[in-house]
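A short worksheet on the structure shown next.
Residue numbers (this note's numbering): 8 to 184.
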């Protein structure tokens with residue numbers, strides 16, 4: 008598996024692959040902010056909208072591929088307020104259903120954590136659907152469960168589900184962001 012941090016142009020060049028990954032993730036029942044069935048045009052548009060944030064340095068996106076297509080992605084969202092520049096949010100960690108169980112999620116998570124550390128980030132946070140497979144990944148990778156919010160978001164079927172908040176303290180190096 009090859010993992011690449013995408014710049015704005017690379018993201019736009021791979022938008023169809025990334026849209027396929029998003030569609031697979033939603034169709035597979037993962038709660039990543041969208042309802043099923045998801046329209047392909049909406050998935051393409053969502054990824055295209057991320058390009059501006061990547062260009063502005065507010066979002067970092069990595070894509071993992073197996074030599075043929077994108078099989079995973081993860082992003083870091085960086086706050087723009089002066090009092091929060093020490094932290095980032097881990098968002099949209101997705102692994103294609105055909106590629107799950109091979110450590111891709113853990114590898115993507117590790118890459119995002121190391122990149123955050125290198126950017127001077129000392130605190131990461133995320134939210135995920137409570138009792139989802141993602142909770143095992145984050146717990147096993149040393150993330151701390153901060154709490155649960157009931158009925159926080161609808162899953163792809165439209166059912167309101169609780170969300171668990173996690174954080175992880177990092178030992179940062181000199182900021183490069």
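Each residue gets a CB set at the ideal place from its N, CA and C atoms; glycine is no exception.
* Below 8 Å, can you find three or more Cβ-Cβ pairs linking the region 129-139 to the region 101-112? -> As far as the Cβ criterion goes, the region 129-139 does not touch the region 101-112, which means the pair count is below three.
* Kindly indicate which three-state DSSP category residue 118 falls into: helix, strand or coil? => Position 111 of the chain shown, counted from the first residue, corresponds to residue 118. If DSSP states are grouped into helix, strand and coil, residue 118 belongs with the helices.
* To do: Using 10 angstroms around the beta-carbon of residue 146, count the other beta-carbons present and answer buried if the total reaches 16, otherwise exposed.
  => The residue given as residue 146 occupies position 139 in the chain shown. Sixteen is the threshold: since fewer than 16 other Cβ atoms of the shown chains lie within 10 Å of the Cβ of residue 146, the residue is exposed.
* Between residue 57 and residue 66, what straight-line distance do the alpha-carbon atoms span, to the nearest angstrom? -> Position 50 of the chain shown, counted from the first residue, corresponds to residue 57. Position 59 of the chain shown, counted from the first residue, corresponds to residue 66. In a straight line, the C-alpha of residue 57 is about 8 Å away from that of residue 66.
* Can you tell me the Cα-Cα spacing of residue 132 and residue 94, whole angstroms? -> Translated into positions along the chain shown, residue 132 becomes position 125. Translated into positions along the chain shown, residue 94 becomes position 87. Straight-line Cα distance between these residues: approximately 8 Å.
* **Residue ranges of each alpha helix (DSSP H) within the region 71-154, 4 or longer** => Listed in chain order, the complete alpha helix (DSSP H) runs (minimum 4 residues) inside the region 71-154 are 111-125 and 140-147.
* To do: Taking the CB atoms as reference points, tell me whether residue 23 and residue 51 lie closer together than 9 Å.
  => As a position in the chain shown, residue 23 is number 16, starting the count at 1. As a position in the chain shown, residue 51 is number 44, starting the count at 1. Yes, these two residues count as a Cβ contact at 9 Å.
* To the nearest angstrom, report how far apart residue 49 and residue 34 are at their CA atoms. => Here residue 49 corresponds to residue number 42 of the chain shown, with the count starting at 1. Here residue 34 corresponds to residue number 27 of the chain shown, with the count starting at 1. Those two C-alpha atoms are separated by around 14 Å.
* **Spatial distance of residue 174 from residue 152 (CA atoms)** => Here residue 174 corresponds to residue number 167 of the chain shown, with the count starting at 1. Here residue 152 corresponds to residue number 145 of the chain shown, with the count starting at 1. If you take the alpha carbons of residue 174 and residue 152, they lie about 7 Å apart.
* Asked: Mind checking whether residue 164 and residue 116 have CB atoms under 9 Å apart?
  -> Along the chain shown, one-based indexing puts residue 164 at 157. Along the chain shown, one-based indexing puts residue 116 at 109. With respect to residue 116, residue 164 sits apart: the two C-beta atoms are not nearer than 9 Å.
* Out of 75, 37 and 63, point me to the one whose CA is closest to residue 87's CA. => One-based indexing of the chain shown puts residue 87 at position 80. Minimum Cα distance to residue 87 is reached at 63.
* Taking the beta strand (DSSP E) that residue 6 falls in, what are its first and last residues? -> The question about residue 6 has no answer here: the residues shown for the chain are numbered 8 through 184.
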